[in-house]
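Q: Order-wise, the sequence lines are chains A and B. Residues 3 to 291 in the working numbering are what the first sequence spells out, letter by letter. Residues 3 to 291 in the working numbering are what the second sequence spells out, letter by letter.
Number of protein chains: 2
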Amino acid sequence: MMNKIQMHNCTKSFRAMRKTIPQGSSIGFVPTMGALHDGHLSLVREARERNDIVVASIYVNPTQFGPNEDLDRYPRQLERDTAVLQELGVDHLFCPSDMYGQNHRCFVDPVGFDDLREGRARPGHFRGVATIVAKLFNIVQPQTAYFGQKDAAQCVLIKRLVSDLDMDVEINIMNTVREDDGLAMSSRNAYLNQDEREKAIILYKSLQAAREVYESAFAGQLPMNANVIRDTVQATLETEPLVNEIEYVSVGSKETMDELKEVDTDGAVVSIACKIGKVRLIDNIILGI
Amino acid sequence: MMNKIQMHNCTKSFRAMRKTIPQGSSIGFVPTMGALHDGHLSLVREARERNDIVVASIYVNPTQFGPNEDLDRYPRQLERDTAVLQELGVDHLFCPSDMYGQNHRCFVDPVGFDDLREGRARPGHFRGVATIVAKLFNIVQPQTAYFGQKDAAQCVLIKRLVSDLDMDVEINIMNTVREDDGLAMSSRNAYLNQDEREKAIILYKSLQAAREVYESAFAGQLPMNANVIRDTVQATLETEPLVNEIEYVSVGSKETMDELKEVDTDGAVVSIACKIGKVRLIDNIILGI
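Listed below in structure tokens is the structure:
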């Protein structure tokens, strides 16, 4: 019989438990904002397979939402999420109600990330992400933490965070999990109505078009102009009338997400953000090996 | 016979050793920039008395020096420092040559600290301090870290850092150690010539004058106007011709270092920065209990 998942509603309670875990045990950590979908669950399964102890966290972090973003209506379903995590054999769930004291002053500032395409669209977002992840890593003290490739710039950020602040945590990036039609799993997909949901596959289609252009150039025509890829993605997105705002189409470096002029055999991260109806969605694929 | 101090010149080497320390052992940590004086040594002695393992670090952190500050000529004397630490029974010395990789992006940003008096005098200084201390704490993973009260704003900062980023480290602030005549120990005292050294006691005298004013007001005349204290300190400093620049005289809150209008029985931190000849010195005392 499976152990019951242990819930910790505050840092103090989690810390007390953490100190009882023997030094030799491996701890895998999956930080989330809840509203769990198959993407999260693939991270949890990987963590479960590879570690003695699995910790998940659910915390909708206010500092990573902009003033006009969806903090208030971000989906919250703690009971359902807990049951799912219990089912997958998670040992500990850290689900604090607040992570910022009244006099909070220190933030982790990832210089330059607000200049990335996703950063410009969401100023302050990556500072909030870096800060909360640093806090969670300090509380949970895992050997390995698991993140999904869907948030491409976030993956680059977390690796920099760990390296820059000398955190002793291994970062494991897992492939984006997709619905049968190719739509990337996202908690925000719940905002889509049926028609929008069907048309949202245009994001994946546009990325597939990017891959085709890149791969057809692979036989001797590389490096290619990155704008050829950008234009292909843009044109594909524009074929769908429900796409009412294309925030960005980015062809960036795999290491830094900085925009590329040319794409070589090294490849690139092609990432997009656009609105289907009123719902902001992001997706990305990695070109090259 | 005393064990020989173990030196670690890079993070990787320290980390490998750190993993061999049993979970139950207490680790006391004294981070320094070297050029050790009796102030540092009092921290080391306290750490030695209270912990199973004592770790010291020596690293002259470039990010906490301004462009016009004394990074290049900051005193460096690793051999002598190592011998002193060995003598006091320090187990491990972490003395890396570089702590910032080429692509370093993430800094710990302590919002508001550049608006403090010491922060205005040294823009970016506290960001550098917060970043390096976070890095060192993540590498050393001590139970307790020791700092001197001499850097008053730094003490407030470090406590905020640990609290804000949920670092599991106890911060122990030790009293400022002084020369016989009252001058606060500082690595920068080495820059003073003999005449300047003698006249530098004016800093301590001005703080003692502040204490007298405060304590004489204690019998029924509190709260008192904080400017009475500021003016007393300023006037005392101005009696010494070798004081050629008074950067600030601050009467601040013990919790936040924010400037106070009135001082009550709760007290205050009175802190000063001024130049004796060309040498910038700081000092402070705590009024009240």
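Ideal placement from N, C-alpha and C gives every residue a C-beta, glycine not left out. Here the structure is a predicted model, which is why all the values come from computation and not from measurement.
First and last residue of the alpha helix (DSSP H) that includes G41 (chain B)?
A: Per DSSP, G41 (chain B) belongs to the alpha helix (DSSP H) from 40-52.
Q: To which residues of the same chain is R180 (chain A) closer than 8 Å at the C-beta, ignoring the five residues directly before and after it?
A: Closer than 8 Å at the Cβ level, and outside the excluded window around R180 (chain A), lie A186, M187, Y206.
Q: Could you have a look at T178 (chain B) and say whether DSSP puts it in helix, strand or coil?
A: Residue state, collapsed to three classes: coil.
Q: Could you check whether the Cβ of H106 (chain B) sits closer than 8 Å to any Cβ belonging to chain A?
A: It does: the Cβ of H106 (chain B) has a partner Cβ on chain A nearer than 8 Å.
Q: Check whether the stretch 138-154 of chain B touches the stretch 275-288 of chain B, taking contact to mean three or more Cβ pairs, one atom from each stretch, closer than 8 Å.
A: With a cut-off of 8 Å, the stretch 275-288 of chain B and the stretch 138-154 of chain B count as touching, because enough Cβ pairs lie within range.
Q: By Cβ distance below 8 Å, which residues in the same chain neighbour A228 (chain B) in space, the five residues on each side in sequence not counted?
A: For A228 (chain B), where only same-chain residues beyond five positions count, the Cβ hits under 8 Å are V253, E261, L262, K263, E264, V265, A270.
Q: Run through DSSP, which three-state label would S27 (chain B) get?
A: In this structure, S27 (chain B) counts as coil in the three-state DSSP scheme.
Q: Are the beta-carbon atoms belonging to C108 (chain A) and L167 (chain B) less than 8 Å from one another?
A: Result yes, Cβ atoms of C108 (chain A) and L167 (chain B) sit closer than 8 Å.
Q: Go through the stretch 63-106 of chain A residue by residue and report every complete run of the alpha helix (DSSP H) that reaches 4 residues or more, in order.
A: Correct list: 80-89.
Q: For V281 (chain B), which of B:I23, B:N5, B:Q196, B:V46 has the nearest alpha-carbon?
A: Per the Cα distances, B:Q196.
Q: Along the stretch 164-178 of chain B, where does the CB come closer than 7 Å to a CB of chain A? Name the residues.
A: Answer set for the stretch 164-178 of chain B: S165, D166, L167, D168, M169, D170.
Q: Excluding sequence positions up to five away, which residues of its chain have a Cβ less than 7 Å from the Cβ of V230 (chain A)?
A: Answer for V230 (chain A): V215, listed in chain order.
Q: Which residues, taken in chain order from the stretch 107-127 of chain A, show a beta carbon closer than 8 Å to some beta carbon of chain B?
A: Cβ contacts with chain B: R107, C108, F109, V110, D111, P112, V113, G114, F115.
Q: For G103 (chain A), return the contacting residues in chain B, with the cut-off set at a CB-CB distance below 7 Å.
A: In chain order: S165.
Q: Name, going along the chain, the residues of the stretch 24-35 of chain B whose beta-carbon falls closer than 8 Å to a beta-carbon of chain A.
A: Residues passing the 8 Å Cβ filter: P24, Q25.
Q: Start and end of the beta strand (DSSP E) containing E120 (chain B)?
A: Element bounds for E120 (chain B): not the beta strand (DSSP E) but the alpha helix (DSSP H), 119-123.
Q: Identify each residue in the stretch 205-235 of chain B for which the Cβ-Cβ distance to at least one residue of chain A is less than 8 Å, and report them in chain order.
A: Answer in chain order: no residues at all.
Q: Please report how far the alpha carbon of Y102 (chain B) lies from the alpha carbon of R162 (chain A), in whole angstroms.
A: Going from the Cα of Y102 (chain B) to the Cα of R162 (chain A) covers about 12 Å.
Q: Three or more C-beta pairs under 8 Å: does that hold for the stretch 86-96 of chain A against the stretch 33-44 of chain A?
A: The answer is yes - the stretch 33-44 of chain A touches the stretch 86-96 of chain A, with three or more Cβ pairs under 8 Å.
Q: For Q25 (chain B), which of B:L159, B:K256, B:Q145 has the nearest alpha-carbon?
A: The residue with the shortest Cα to Cα distance from Q25 (chain B) is B:Q145.
Q: Which residues of chain A have a Cβ atom closer than 8 Å to the Cβ of T13 (chain B), listed in chain order?
A: Under the 8 Å cutoff, chain A gives D168.
Q: Using 8 Å as the threshold, is the C-beta distance between A147 (chain A) and N174 (chain A) below it?
A: Yes, the pair counts as a contact, with Cβ atoms nearer than the cut-off.
Q: State the CB to CB distance for the pair Q66 (chain A) and V142 (chain A), rounded to an integer number of angstroms; the pair is presumed to be in contact (CB under 8 Å).
A: About 18 Å; that fails the 8 Å criterion.
Q: Check whether the Cβ of I141 (chain B) lies closer than 8 Å to any Cβ atom in chain A.
A: By this cut-off, I141 (chain B) is an interface position.
Q: Roughly how many whole angstroms lie between the Cα atoms of S28 (chain A) and L118 (chain B)?
A: Each residue's Cα considered, the two are about 43 Å apart.
Q: What residues in its chain sit with their C-beta under 8 Å from that of L194 (chain B), if we drop five residues either side in the sequence?
A: The answer, listed in chain order, is A202, I278, G279, V281.
Q: Please classify F96 (chain B) as buried or exposed, where buried requires at least 16 neighbouring CB atoms within 10 angstroms.
A: By the 10 Å Cβ count, F96 (chain B) comes out buried.
Q: When burial is assigned at 16 or more other CB atoms within 10 Å of the CB, is D218 (chain A) buried or exposed?
A: With the sequence shown as reference, residue 218 (chain A) is identified as Ser, and Asp is not the correct amino acid for it. The residue is exposed, with fewer than 16 neighbouring Cβ atoms inside 10 Å.
Q: My parser needs the beta strand (DSSP E) runs of 3 or more residues fully inside the stretch 122-199 of chain B; what are they?
A: 146-150, 172-176, all fully within the stretch 122-199 of chain B.
Q: In angstroms with no decimal places, state the Cα-to-Cα distance between H10 (chain B) and V110 (chain A).
A: Cα to Cα, the separation comes out at about 27 Å.
Q: Identify whether M35 (chain A) lies in helix, strand or coil by the three-state DSSP scheme.
A: If DSSP states are grouped into helix, strand and coil, M35 (chain A) belongs with coil.
Q: Among the residues of its own chain, which have a CB less than 6 Å from the CB of Y250 (chain A), if the five just before and after it don't count?
A: If we look at Y250 (chain A) and ignore the five residues flanking it on each side, its Cβ neighbours are R119, A275.
Q: Which of the three DSSP states is assigned to N11 (chain A) in this structure?
A: N11 (chain A): coil per DSSP, three-state reduction.
Q: Please go through the same chain and pick out, in chain order, the residues whose beta-carbon is closer than 6 Å to the beta-carbon of H94 (chain B), but skip the five residues on each side of it.
A: Closer than 6 Å at Cβ, skipping near neighbours: Q8, V57.
Q: Under three-state DSSP, which class holds I204 (chain B)?
A: I204 (chain B): helix per DSSP, three-state reduction.
Q: Using 8 Å as the threshold, is the C-beta distance between S208 (chain A) and L239 (chain A) below it?
A: Yes, these two residues count as a Cβ contact at 8 Å.
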